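For reference, the structure discussed in these notes is given below.
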Amino acid sequence: MTVPWYGAAPPPLDMRRTLPAVQEELARVHDGEYARVVPTTLSLRPVMLPRSSYDELVAAAGALLRLLRRTLLERAPSAAGRIAALGADEGAYPLVMPGRVEEDYATCIARPDVMVDATGPKFVEFNIGSGIGGVVDTALHTAAWAAAFGGTGRMPFHAVDPLAVRDDLFVRAVRDLGTTPGVAVVGTLRDFGGSPSRYLELQAESLRRRGLAAEVFEPEELLDGLGLPGRPRYQLGLRHFTVQEWRGHGIDLSPVRAALDAGVRLIATQTAYMIANKKVLGWLSEGRPWMTERDRATVRRYLPWTRVVADRPVVRHGRTVPLPELLRERQEDFVLKPAVGMSGQQVLVGRSCPPDTWRAAVASAVAGEDHIAQERVDPVPYRMEFARPDGRGSYEAEVTPVFSPFLFDQRDAGCMVRYLPPGRNGVVSIHGHGALPNVAFALR
Numbered sequence: 017m018t019v020p021w022y023g024a025a026p027p028p029l030d031m032r033r034t035l036p037a038v039q040e041e042l043a044r045v046h047d048g049e050y051a052r053v054v055p056t057t058l059s060l061r062p063v064m065l066p067r068s069s070y071d072e073l074v075a076a077a078g079a080l081l082r083l084l085r086r087t088l089l090e091r092a093p094s095a096a097g098r099i100a101a102l103g104a105d106e107g108a109y110p111l112v113m114p115g116r117v118e119e120d121y122a123t124c125i126a127r128p129d130v131m132v133d134a135t136g137p138k139f140v141e142f143n144i145g146s147g148i149g150g151v152v153d154t155a156l157h158t159a160a161w162a163a164a165f166g167g168t169g170r171m172p173f174h175a176v177d178p179l180a181v182r183d184d185l186f187v188r189a190v191r192d193l194g195t196t197p198g199v200a201v202v203g204t205l206r207d208f209g210g211s212p213s214r215y216l217e218l219q220a221e222s223l224r225r226r227g228l229a230a231e232v233f234e235p236e237e238l239l240d241g242l243g244l245p246g247r248p249r250y251q252l253g254l255r256h257f258t259v260q261e262w263r264g265h266g267i268d269l270s271p272v273r274a275a276l277d278a279g280v281r282l283i284a285t286q287t288a289y290m291i292a293n294k295k296v297l298g299w300l301s302e303g304r305p306w307m308t309e310r311d312r313a314t315v316r317r318y319l320p321w322t323r324v325v326a327d328r329p330v331v332r333h334g335r336t337v338p339l340p341e342l343l344r345e346r347q348e349d350f351v352l353k354p355a356v357g358m359s360g361q362q363v364l365v366g367r368s369c370p371p372d373t374w375r376a377a378v379a380s381a382v383a384g385e386d387h388i389a390q391e392r393v394d395p396v397p398y399r400m401e402f403a404r405p406d407g408r409g410s411y412e413a414e415v416t417p418v419f420s421p422f423l424f425d426q427r428d429a430g431c432m433v434r435y436l437p438p439g440r441n442g443v444v445s446i447h448g449h450g451a452l453p454n455v456a457f458a459l460r
């Protein structure tokens with residue numbers, strides 16, 4: 017089964033180089049440093065969407081991002097009030113910055129996750145903040161596919177380099193914030209298991225090509241690298257981490273806090289991760305008093321029915337019912353997700369979950385009020401071409417992709433795609449679940 021959103025015409029492959037040449041280009045991404053994230057199964061073409069479908073994906077992402085931002089910011093006038101509204105621990109958000117920069121750069125970097133059902137795209141999650149994954153991998157795959165189709169002048173699709181678009185964001189930030197033209201890339205290779213060793217440096221190199229000084233700093237190097245105490249060598253930084261992951265590594269966040277207190281501005285800001293809290297998605301799905309009819313139509317069209325789990329009544333399909341009862345009665349219709357999480361961790365799909373496990377998880381979520389329930393999306397497959405294991409030619413198989421368009425400063429910054437290898441089912445995530453990375457392009 018396919019849907020018109022994917023397009024009915026066969027992919028234009030006549031400009032593609034020979035399969036061995038394609039595999040050679042992709043090997044530059046998949047081998048060595050990046051081998052850990054790419055299994056041996058190899059996709060032999062990108063996902064190619066009609067221009068109208070690609071544009072719809074980007075436009076809907078931008079519209080929903082603006083609505084999510086307003087949904088959180090209108091809950092309270094301060095970061096402390098918003099944390100309280102989320103029912104979160106204030107200690108989970110220790111890096112709030114003073115002044116307008118905290119809000120102004122809250123949604124400058126985003127990557128929603130989208131599944132396509134018989135009616136079109138459905139946004140199941142929004143990853144917001146510069147700790148999101150896939151930017152470097154998508155940039156490298158984009159360059160590889162361009163080469164595999166004979167160069168940017170010959171390829172039949174429109175390709176965007178996410179690193180280049182994000183670099184433009186930092187050029188704008190330097191100008192608007194009045195900082196020296198440089199960016200400290202703050203991250204750790206511990207987020208990548210110690211490798212690839214150049215993952216962070218590739219991002220600094222891209223910034224330098226854009227005319228900005230750039231260096232990579234591990235957390236333990238940050239204060240000395242910035243020349244603190246004193247005037248910091250960099251007043252602007254790329255925050256390539258999440259508090260949750262760094263605490264999992266046992267990393268001390270006090271050097272980062274000291275850098276912020278010395279005037280360094282790290283973007284995206286701490287508020288990004290508040291907006292990314294899935295409770296905000298639930299609030300938006302349920303509707304806010306300020307929403308226009310156009311807002312409500314956008315939400316109905318692109319968001320699956322989503323609610324914050326609690327012991328309360330909800331309305332679904334015109335019927336008012338206690339939410340715990342609905343989740344127990346209609347287990348197969350829902351997915352249970354923690355409000356804060358990543359890489360599909362602790363996500364339960366009702367259809368494939370043992371009833372006892374599901375009921376226990378619902379009871380725990382009701383008690384903690386720290387989960388959302390989301391109506392399950394039934395994705396339609398996309399036909400992909402793969403290299404044969406023996407290296408002799410290729411074959412086609414259906415996959416169920418998750419699309420992840422990047423938005424930097426509300427601009428299209430390319431689109432990552434992930435899907436499980438043919439014949440596999442489960443959570444579609446690269447880390448821990450073995451999903452294959454690819455890229456989606458708009459056909460010219």
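Counted the way the working numbering counts, the sequence shown spans residues 17 to 460. Beta carbons are placed, not taken as given, at the ideal position from N, Cα and C, and that holds for glycine. On a predicted model such as this, the values are computed, not experimentally measured, just so you know.
The stretch 301 to 345 contains, as complete beta strand (DSSP E) runs of 3+ residues, the segments 322 to 324, 329 to 332, 335 to 338 (chain order).
Taking each of VAL415, PHE257, ASP425, ASP327 in turn and checking the Cα distance to TYR22, the smallest one comes out for VAL415. Residue pairing from DSSP places GLY136 in a beta bridge opposite ASP133. Its chain contains LEU297, GLY298, SER301, ILE388, GLN390 as the residues whose beta carbon lies nearer than 6 Å to that of THR322, once the 5 sequence neighbours on both sides are disregarded; these appear in chain order. Secondary structure at ALA164: helix, using DSSP grouped into helix, strand and coil.
For ARG225, the enclosing alpha helix (DSSP H) starts and ends at 215 to 225. The beta carbon of MET171 sits closer than 6 Å to those of ALA162, PHE165, all from its chain and outside the five residues before and after it, given in chain order. Sorting TYR121, ARG317, ALA220 by C-alpha distance to the C-alpha of GLN426 places TYR121 at the top. The criterion of a C-beta distance shorter than 8 Å is satisfied by ARG226 and VAL187. Counting only unbroken stretches of 3 or more residues, the beta strand (DSSP E) elements lying wholly within the stretch 221 to 291 are 229 to 233, 252 to 255, 281 to 283, in sequence order.
For ILE388, no alpha helix (DSSP H) segment is defined; the enclosing uninterrupted segment is the beta strand (DSSP E) at 387 to 391. Counting along the chain, the unbroken alpha helix (DSSP H) around LEU193 starts and ends at 178 to 193. Counting the other CB atoms within 10 Å of its CB gives HIS265 a total below 16, which places it among the exposed residues. The three-state secondary structure of VAL199, taken from DSSP, is strand. Only residues of its own chain outside the window of five on either side were considered, and among them PRO320, GLU348, ASP349, PHE350, VAL351, VAL365, GLY366, ARG367 have a CB closer than 8 Å to the CB of ARG392, listed in chain order. With a 10 Å radius around the Cβ and a threshold of 16 neighbouring Cβ atoms, GLU231 comes out buried. With a cutoff of 8 Å on beta-carbon distance, THR123 and ARG304 are scored as not near each other. Per DSSP, the continuous beta strand (DSSP E) segment holding ALA458 begins and ends at 452 to 459. Linking LEU459 to PHE233 through their CA atoms gives a straight-line distance of about 39 Å.
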